[in-house]
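Chemist: Numbered per UniProt numbering, the sequence shown finishes at 294, counting up by one with no gaps. Idealized CB from N, CA, C, for every residue including glycine.
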Amino acid sequence: MKKSRKIKINLLYLIKFTYYKYCNKIPVIQDSNQTLDEIIQHKKSIARFGDGELNLLHGRSLRFQRFDQSLADRLKAILTTSKDNCLIALPKPLIEQNNLNKKASVFWKNMFNKYFSIYLNYIDINKIYANTNVTRPYIDYQKNKTQDLLFQKFKELFKNRRIFIVEGAASKIGVGNDLLAETTTIRRIITKSKDAYDVYDQLLHRCTQLIQKDELVLIALGPTATVLAYDLSNLGYQAIDIGHLDIEYEWFLQQATEKVPIPGKDVSEAKHFNEGSHPELDAVYAAQILEYLY
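(1) So what does residue 185 bridge to, in DSSP terms?
(2) So, for residue 292: in the same chain, excluding its five sequence neighbours on each side, which residues have a beta-carbon less than 6 Å away from its beta-carbon?
(3) Out of curiosity, what's the CA-to-CA distance linking residue 216 and residue 120?
(4) Which of helix, strand or coil does DSSP assign to residue 213?
(5) One question on the structure: do residue 64 and residue 56 come within less than 9 Å of each other, judged by their Cβ atoms?
(6) Identify the continuous alpha helix (DSSP H) that holds residue 69 and give its terminal residues.
(7) Which residues bound the beta strand (DSSP E) around residue 269?
(8) For residue 172, collect the residues of the same chain with a Cβ closer than 7 Å to its Cβ; drop the 5 residues on either side in sequence, then sort them by chain order.
(9) Is it the case that the segment 235 to 252 contacts the segment 127 to 147, given that we only count it when at least three CB pairs across the two stretches are under 8 Å?
(10) Pick out the complete beta strand (DSSP E) segments inside the segment 92 to 143, 3 residues or longer, and give them in chain order.
(11) Is it the case that the segment 69 to 80 contacts the segment 22 to 37, given that we only count it when at least three CB pairs across the two stretches are under 8 Å?
(12) Use the C-beta contact count for residue 7: other C-beta atoms within 10 angstroms, 16 or more gives buried, fewer gives exposed.
(13) Thinking C-alpha only, which one of 59, 61, 109, 127 is nearest residue 89?
(14) Leaving out five residues before and five after residue 165 in sequence, what residues of the same chain have Cβ atoms less than 6 Å from its Cβ?
(15) Using a threshold of 9 Å, state whether the C-beta atoms of residue 16 and residue 107 are closer than that.
(16) For residue 231, is the classification buried or exposed, using 16 other Cβ atoms within 10 angstroms of its Cβ as the cut-off for buried?
(17) What do you reckon, are the CB atoms on residue 79 and residue 223 nearer than 9 Å?
(18) Return the first residue and the last residue of the alpha helix (DSSP H) that residue 246 is part of.
(19) Got a sec? Which residues, its chain only, sit under 6 Å from residue 234 by beta carbon, not counting five neighbours each side?
(20) Going by C-alpha to C-alpha distance, which of 60, 98, 109 sits closest to residue 9?
(21) Tell me whether residue 83 sits in a helix, a strand or coil according to DSSP, three-state version.
(22) Say whether the segment 43 to 59 touches the segment 86 to 103, bearing in mind that this needs 3 or more beta-carbon pairs closer than 8 Å, one atom from each stretch.
(23) Looking at the unbroken alpha helix (DSSP H) that takes in residue 229, where does it start and where does it end?
(24) In whole angstroms, give me the CA-to-CA distance for residue 158 and residue 182.
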(Lines of atoms letter the chains of each structure in order from A and count residues from 1; the text may use other names and numbers.)
(Lines give C-alpha, C1' and ligand atoms only; values in the text may rest on other atoms or scores of the structure.)
Protein backbone atom coordinates (compact mmCIF):
# COMPACT_ATOMS: atom_id res chain seq x y z
CA MET A 1 0.00 0.00 0.00
CA LYS A 2 1.34 3.42 -0.97
CA LYS A 3 2.37 5.77 1.79
CA SER A 4 -0.03 8.48 0.58
CA ARG A 5 -2.99 6.09 0.86
CA LYS A 6 -1.97 5.07 4.37
CA ILE A 7 -1.84 8.74 5.37
CA LYS A 8 -5.34 9.29 3.97
CA ILE A 9 -6.70 6.26 5.81
CA ASN A 10 -5.12 7.36 9.10
CA LEU A 11 -6.38 10.91 8.74
CA LEU A 12 -9.91 9.88 7.80
CA TYR A 13 -9.99 7.43 10.70
CA LEU A 14 -8.94 10.15 13.14
CA ILE A 15 -11.71 12.43 11.90
CA LYS A 16 -14.43 9.76 11.85
CA PHE A 17 -13.46 8.15 15.14
CA THR A 18 -13.38 11.54 16.87
CA TYR A 19 -16.81 12.36 15.48
CA TYR A 20 -18.42 9.07 16.57
CA LYS A 21 -16.79 9.26 19.98
CA TYR A 22 -18.10 12.80 20.43
CA CYS A 23 -21.57 11.48 19.54
CA ASN A 24 -21.19 8.62 22.07
CA LYS A 25 -21.46 5.99 19.36
CA ILE A 26 -18.30 4.00 20.03
CA PRO A 27 -19.16 0.63 21.64
CA VAL A 28 -17.36 -0.79 24.66
CA ILE A 29 -15.28 -3.83 23.70
CA GLN A 30 -13.36 -5.83 26.29
CA ASP A 31 -9.70 -6.66 25.96
CA SER A 32 -8.73 -10.29 25.34
CA ASN A 33 -7.93 -11.06 28.98
CA GLN A 34 -11.32 -9.84 30.16
CA THR A 35 -13.08 -11.92 27.52
CA LEU A 36 -11.12 -15.08 28.26
CA ASP A 37 -11.62 -14.67 32.01
CA GLU A 38 -15.39 -14.58 31.50
CA ILE A 39 -15.25 -17.73 29.38
CA ILE A 40 -13.14 -19.58 31.95
CA GLN A 41 -14.62 -18.35 35.21
CA HIS A 42 -18.29 -18.33 34.21
CA LYS A 43 -18.22 -21.11 31.57
CA LYS A 44 -19.67 -18.83 28.94
CA SER A 45 -19.92 -19.49 25.23
CA ILE A 46 -18.72 -16.97 22.65
CA ALA A 47 -19.99 -16.04 19.18
CA ARG A 48 -17.45 -13.87 17.38
CA PHE A 49 -17.88 -11.23 14.67
CA GLY A 50 -14.69 -10.58 12.71
CA ASP A 51 -14.21 -8.70 9.48
CA GLY A 52 -15.73 -11.60 7.53
CA GLU A 53 -18.96 -11.71 9.51
CA LEU A 54 -19.22 -7.92 9.39
CA ASN A 55 -18.74 -7.98 5.62
CA LEU A 56 -21.56 -10.52 5.27
CA LEU A 57 -23.90 -8.13 7.08
CA HIS A 58 -23.87 -5.81 4.08
CA GLY A 59 -23.97 -8.38 1.29
CA ARG A 60 -20.34 -9.25 0.58
CA SER A 61 -19.25 -12.83 -0.14
CA LEU A 62 -16.08 -14.21 1.43
CA ARG A 63 -13.52 -16.53 -0.11
CA PHE A 64 -14.79 -19.42 2.03
CA GLN A 65 -18.45 -18.41 2.42
CA ARG A 66 -20.59 -16.98 -0.35
CA PHE A 67 -23.21 -14.45 0.66
CA ASP A 68 -26.38 -16.09 1.96
CA GLN A 69 -29.29 -13.89 3.01
CA SER A 70 -30.47 -16.29 5.70
CA LEU A 71 -26.95 -16.38 7.17
CA ALA A 72 -26.77 -12.57 7.10
CA ASP A 73 -30.15 -12.39 8.84
CA ARG A 74 -29.01 -14.79 11.54
CA LEU A 75 -25.81 -12.79 12.09
CA LYS A 76 -27.78 -9.55 12.39
CA ALA A 77 -30.14 -11.10 14.93
CA ILE A 78 -27.30 -12.54 17.02
CA LEU A 79 -25.35 -9.28 17.02
CA THR A 80 -28.34 -7.39 18.40
CA THR A 81 -29.31 -9.98 21.02
CA SER A 82 -28.34 -10.16 24.66
CA LYS A 83 -27.81 -13.53 26.32
CA ASP A 84 -26.12 -14.06 29.69
CA ASN A 85 -24.67 -17.44 28.73
CA CYS A 86 -23.16 -16.40 25.38
CA LEU A 87 -20.71 -13.57 24.84
CA ILE A 88 -21.20 -11.60 21.63
CA ALA A 89 -17.84 -10.40 20.36
CA LEU A 90 -16.68 -7.54 18.14
CA PRO A 91 -13.08 -6.90 17.04
CA LYS A 92 -11.31 -4.60 19.47
CA PRO A 93 -8.99 -3.34 16.66
CA LEU A 94 -12.00 -1.73 15.03
CA ILE A 95 -11.88 0.96 17.71
CA GLU A 96 -8.39 0.62 19.21
CA GLN A 97 -5.14 -0.33 17.51
CA ASN A 98 -2.81 -0.51 20.52
CA ASN A 99 0.05 -2.97 19.93
CA LEU A 100 -1.11 -3.84 16.40
CA ASN A 101 1.56 -3.97 13.73
CA LYS A 102 1.36 -1.28 11.06
CA LYS A 103 -0.28 -3.44 8.40
CA ALA A 104 -3.05 -4.64 10.70
CA SER A 105 -3.59 -1.15 12.10
CA VAL A 106 -4.19 0.31 8.65
CA PHE A 107 -6.49 -2.60 7.75
CA TRP A 108 -8.79 -2.03 10.73
CA LYS A 109 -8.80 1.73 10.36
CA ASN A 110 -9.86 1.25 6.75
CA MET A 111 -12.63 -1.12 7.89
CA PHE A 112 -13.83 1.52 10.33
CA ASN A 113 -13.77 4.24 7.68
CA LYS A 114 -15.76 2.22 5.16
CA TYR A 115 -18.27 0.31 7.22
CA PHE A 116 -18.67 1.58 10.78
CA SER A 117 -21.74 3.63 9.86
CA ILE A 118 -23.35 0.37 8.64
CA TYR A 119 -22.35 -1.60 11.73
CA LEU A 120 -24.03 1.01 13.92
CA ASN A 121 -27.37 -0.29 12.64
CA TYR A 122 -26.72 -3.51 14.57
CA ILE A 123 -24.49 -2.45 17.46
CA ASP A 124 -25.89 -1.54 20.87
CA ILE A 125 -23.59 1.15 22.20
CA ASN A 126 -24.94 0.59 25.72
CA LYS A 127 -23.77 -3.02 25.71
CA ILE A 128 -20.33 -4.38 26.61
CA TYR A 129 -19.03 -6.68 23.86
CA ALA A 130 -16.43 -9.39 24.15
CA ASN A 131 -13.31 -9.20 21.99
CA THR A 132 -13.35 -11.18 18.75
CA ASN A 133 -9.55 -11.07 18.62
CA VAL A 134 -9.23 -13.14 21.78
CA THR A 135 -8.60 -16.08 19.42
CA ARG A 136 -6.22 -14.07 17.23
CA PRO A 137 -3.62 -12.81 19.72
CA TYR A 138 -0.40 -13.16 17.79
CA ILE A 139 0.30 -12.51 14.12
CA ASP A 140 -1.25 -9.02 13.83
CA TYR A 141 0.38 -7.74 16.99
CA GLN A 142 3.75 -6.49 18.05
CA LYS A 143 5.34 -9.27 20.04
CA ASN A 144 4.88 -9.14 23.82
CA LYS A 145 4.53 -11.36 26.89
CA THR A 146 0.73 -11.03 26.88
CA GLN A 147 0.50 -13.44 23.95
CA ASP A 148 2.14 -16.29 25.85
CA LEU A 149 -0.14 -15.64 28.82
CA LEU A 150 -3.25 -15.78 26.62
CA PHE A 151 -2.24 -19.10 25.08
CA GLN A 152 -1.56 -20.44 28.58
CA LYS A 153 -5.04 -19.30 29.63
CA PHE A 154 -6.58 -21.14 26.71
CA LYS A 155 -4.69 -24.27 27.74
CA GLU A 156 -6.13 -23.80 31.22
CA LEU A 157 -9.62 -23.61 29.68
CA PHE A 158 -9.01 -26.90 27.87
CA LYS A 159 -7.26 -28.68 30.76
CA ASN A 160 -9.08 -31.78 32.02
CA ARG A 161 -12.04 -31.05 29.74
CA ARG A 162 -13.71 -33.39 27.32
CA ILE A 163 -13.50 -31.61 23.96
CA PHE A 164 -15.79 -31.84 20.94
CA ILE A 165 -14.51 -30.13 17.80
CA VAL A 166 -16.62 -29.04 14.84
CA GLU A 167 -14.30 -27.98 12.03
CA GLY A 168 -13.69 -27.86 8.31
CA ALA A 169 -11.63 -30.44 6.49
CA ALA A 170 -7.89 -29.98 7.09
CA SER A 171 -8.33 -27.53 9.99
CA LYS A 172 -7.01 -30.21 12.38
CA ILE A 173 -7.25 -28.17 15.56
CA GLY A 174 -4.63 -29.28 18.07
CA VAL A 175 -2.92 -31.74 15.71
CA GLY A 176 0.86 -31.37 15.77
CA ASN A 177 0.99 -29.01 18.76
CA ASP A 178 0.27 -29.12 22.50
CA LEU A 179 -2.74 -26.77 22.53
CA LEU A 180 -5.08 -29.60 23.57
CA ALA A 181 -2.45 -31.80 25.22
CA GLU A 182 -4.07 -31.75 28.68
CA THR A 183 -7.64 -32.49 27.59
CA THR A 184 -9.18 -35.81 28.63
CA THR A 185 -10.89 -36.73 25.35
CA ILE A 186 -11.21 -35.23 21.87
CA ARG A 187 -14.00 -36.05 19.42
CA ARG A 188 -14.72 -34.38 16.08
CA ILE A 189 -17.23 -33.72 13.33
CA ILE A 190 -15.63 -32.73 10.01
CA THR A 191 -17.66 -30.69 7.55
CA LYS A 192 -17.26 -28.34 4.59
CA SER A 193 -14.40 -25.83 4.71
CA LYS A 194 -16.20 -23.69 2.13
CA ASP A 195 -19.85 -22.63 2.30
CA ALA A 196 -20.43 -24.63 5.48
CA TYR A 197 -23.71 -22.83 6.05
CA ASP A 198 -25.18 -24.90 3.20
CA VAL A 199 -25.38 -27.86 5.59
CA TYR A 200 -26.18 -25.88 8.74
CA ASP A 201 -29.47 -27.53 9.65
CA GLN A 202 -28.00 -31.02 9.35
CA LEU A 203 -24.89 -29.93 11.23
CA LEU A 204 -26.83 -28.50 14.16
CA HIS A 205 -29.00 -31.61 14.30
CA ARG A 206 -26.01 -33.97 14.39
CA CYS A 207 -24.27 -31.83 17.01
CA THR A 208 -27.24 -32.13 19.34
CA GLN A 209 -27.26 -35.90 18.81
CA LEU A 210 -23.54 -36.49 19.30
CA ILE A 211 -22.27 -33.85 21.75
CA GLN A 212 -22.65 -34.45 25.47
CA LYS A 213 -23.50 -31.53 27.73
CA ASP A 214 -20.26 -31.82 29.72
CA GLU A 215 -18.11 -31.50 26.59
CA LEU A 216 -16.55 -28.18 25.66
CA VAL A 217 -17.40 -27.48 22.02
CA LEU A 218 -14.76 -25.81 19.82
CA ILE A 219 -15.96 -24.61 16.42
CA ALA A 220 -13.82 -23.44 13.49
CA LEU A 221 -16.12 -22.79 10.52
CA GLY A 222 -15.95 -19.09 9.69
CA PRO A 223 -19.33 -17.30 9.94
CA THR A 224 -21.12 -20.63 10.41
CA ALA A 225 -19.23 -21.00 13.71
CA THR A 226 -20.70 -17.73 14.96
CA VAL A 227 -24.23 -19.01 14.46
CA LEU A 228 -23.53 -22.55 15.67
CA ALA A 229 -21.85 -21.38 18.88
CA TYR A 230 -24.82 -19.16 19.64
CA ASP A 231 -27.41 -21.86 18.92
CA LEU A 232 -25.57 -24.50 20.93
CA SER A 233 -25.24 -22.13 23.88
CA ASN A 234 -29.01 -21.72 23.85
CA LEU A 235 -29.32 -25.50 24.04
CA GLY A 236 -27.18 -25.72 27.16
CA TYR A 237 -23.72 -26.39 25.71
CA GLN A 238 -20.58 -24.34 26.30
CA ALA A 239 -19.53 -23.55 22.75
CA ILE A 240 -16.47 -21.57 21.69
CA ASP A 241 -16.19 -20.02 18.24
CA ILE A 242 -12.47 -20.76 18.22
CA GLY A 243 -11.62 -19.34 14.80
CA HIS A 244 -7.91 -19.24 13.96
CA LEU A 245 -6.59 -19.94 17.47
CA ASP A 246 -4.81 -23.15 16.44
CA ILE A 247 -3.09 -21.46 13.49
CA GLU A 248 -2.18 -18.44 15.62
CA TYR A 249 -0.62 -20.83 18.12
CA GLU A 250 1.34 -22.56 15.36
CA TRP A 251 2.67 -19.17 14.22
CA PHE A 252 3.46 -18.26 17.83
CA LEU A 253 5.49 -21.46 18.30
CA GLN A 254 7.44 -20.63 15.13
CA GLN A 255 7.72 -16.95 16.09
CA ALA A 256 6.52 -16.30 12.54
CA THR A 257 6.50 -12.72 11.30
CA GLU A 258 3.99 -13.31 8.50
CA LYS A 259 1.08 -15.64 7.74
CA VAL A 260 2.92 -18.74 6.58
CA PRO A 261 1.46 -22.16 5.62
CA ILE A 262 1.34 -24.89 8.27
CA PRO A 263 2.10 -28.47 7.10
CA GLY A 264 -1.10 -30.48 6.70
CA LYS A 265 -3.45 -27.68 7.73
CA ASP A 266 -5.72 -25.36 5.79
CA VAL A 267 -4.53 -21.79 6.39
CA SER A 268 -6.99 -19.59 4.53
CA GLU A 269 -4.86 -16.45 4.85
CA ALA A 270 -1.60 -17.98 3.68
CA LYS A 271 -0.79 -17.84 -0.02
CA HIS A 272 -1.24 -21.58 -0.56
CA PHE A 273 -2.18 -24.81 1.19
CA ASN A 274 0.78 -26.77 2.51
CA GLU A 275 0.15 -30.45 1.79
CA GLY A 276 2.74 -31.76 4.23
CA SER A 277 1.47 -34.27 6.78
CA HIS A 278 2.39 -36.24 9.90
CA PRO A 279 1.27 -39.88 9.39
CA GLU A 280 1.31 -40.85 13.08
CA LEU A 281 -0.50 -37.69 14.16
CA ASP A 282 -2.97 -38.00 11.31
CA ALA A 283 -3.84 -41.53 12.48
CA VAL A 284 -4.71 -40.22 15.95
CA TYR A 285 -6.71 -37.39 14.36
CA ALA A 286 -8.62 -39.83 12.14
CA ALA A 287 -9.56 -41.96 15.15
CA GLN A 288 -11.16 -38.92 16.80
CA ILE A 289 -13.54 -38.28 13.90
CA LEU A 290 -17.09 -39.47 14.51
CA GLU A 291 -18.61 -38.23 11.29
CA TYR A 292 -18.01 -36.45 8.01
CA LEU A 293 -20.89 -34.18 7.04
CA TYR A 294 -20.90 -32.65 3.56
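Modeler: In this structure, then:
(1) Against the sequence shown, residue 185 aligns to sequence position 185. Answer is 162, bridged to residue 185.
(2) Here residue 292 refers to the residue found at position 292 of the sequence shown. Once the five neighbours on either side are set aside, the close Cβ partners of residue 292 are 190.
(3) Position 216 of the sequence shown, counted from the first residue, corresponds to residue 216. Position 120 of the sequence shown, counted from the first residue, corresponds to residue 120. Spanning the two alpha carbons is a distance of roughly 32 Å.
(4) Taking the sequence shown and counting its residues from 1, one reaches residue 213 at position 213. In this structure, residue 213 counts as coil in the three-state DSSP scheme.
(5) For the purposes of this step, residue 64 is taken as residue 64 along the sequence shown, with counting starting at 1. For the purposes of this step, residue 56 is taken as residue 56 along the sequence shown, with counting starting at 1. Residue 56 sits away from residue 64, with the two beta carbons spaced by 9 Å or more.
(6) Here residue 69 refers to the residue found at position 69 of the sequence shown. Counting along the chain, the alpha helix (DSSP H) containing residue 69 begins and ends at 69 to 79.
(7) If you number the sequence shown from 1, residue 269 lands on position 269. No beta strand (DSSP E) holds residue 269; DSSP gives it neither H nor E.
(8) The count along the sequence shown starts at 1 and reaches residue 172 at position 172. Counting only Cβ-Cβ distances below 7 Å, and skipping sequence neighbours, we find 264, 265, 285.
(9) Verdict: yes, contact present.
(10) Every beta strand (DSSP E) of 3 residues or more that sits fully in the segment 92 to 143 is shown, in chain order, as 128 to 131.
(11) Flag = no, the segment 22 to 37 and the segment 69 to 80 do not touch.
(12) Translated into positions along the sequence shown, residue 7 becomes position 7. It is exposed - the Cβ of residue 7 has fewer than 16 other Cβ atoms within 10 Å.
(13) Locating residue 89 in the sequence shown gives position 89, counting from the first residue. Measuring from the Cα of residue 89, the nearest candidate turns out to be 127.
(14) The count along the sequence shown starts at 1 and reaches residue 165 at position 165. These residues qualify, in order along the chain: 173, 188, 218.
(15) Walking along the sequence shown from the start, residue 16 turns up at place 16. Walking along the sequence shown from the start, residue 107 turns up at place 107. In terms of Cβ geometry, residue 16 and residue 107 do not form a close pair [threshold 9 Å].
(16) Walking along the sequence shown from the start, residue 231 turns up at place 231. Buried, since its Cβ has 16 or more Cβ neighbours within 10 Å.
(17) The count along the sequence shown starts at 1 and reaches residue 79 at position 79. The count along the sequence shown starts at 1 and reaches residue 223 at position 223. With contacts defined as CB atoms closer than 9 Å, residue 79 and residue 223 fail to qualify as a contacting pair.
(18) For this step, residue 246 is matched to residue 246 along the sequence shown. Residues 245 to 254.
(19) Against the sequence shown, residue 234 aligns to sequence position 234. Excluding residues within five positions, none has a Cβ falling inside 6 Å.
(20) Within the sequence shown, the letter at position 9 stands for residue 9. Taking only the C-alpha atoms, the option nearest residue 9 is 109.
(21) If you number the sequence shown from 1, residue 83 lands on position 83. In this structure, residue 83 counts as strand in the three-state DSSP scheme.
(22) The segment 43 to 59 is in contact with the segment 86 to 103.
(23) By one-based count along the sequence shown, residue 229 stands at place 229. Counting along the chain, residue 229 sits inside the alpha helix (DSSP H) bounded by residues 223 to 234.
(24) Looking up residue 158 in the sequence shown gives position 158. Looking up residue 182 in the sequence shown gives position 182. Computed Cα separation, rounded: 7 Å.
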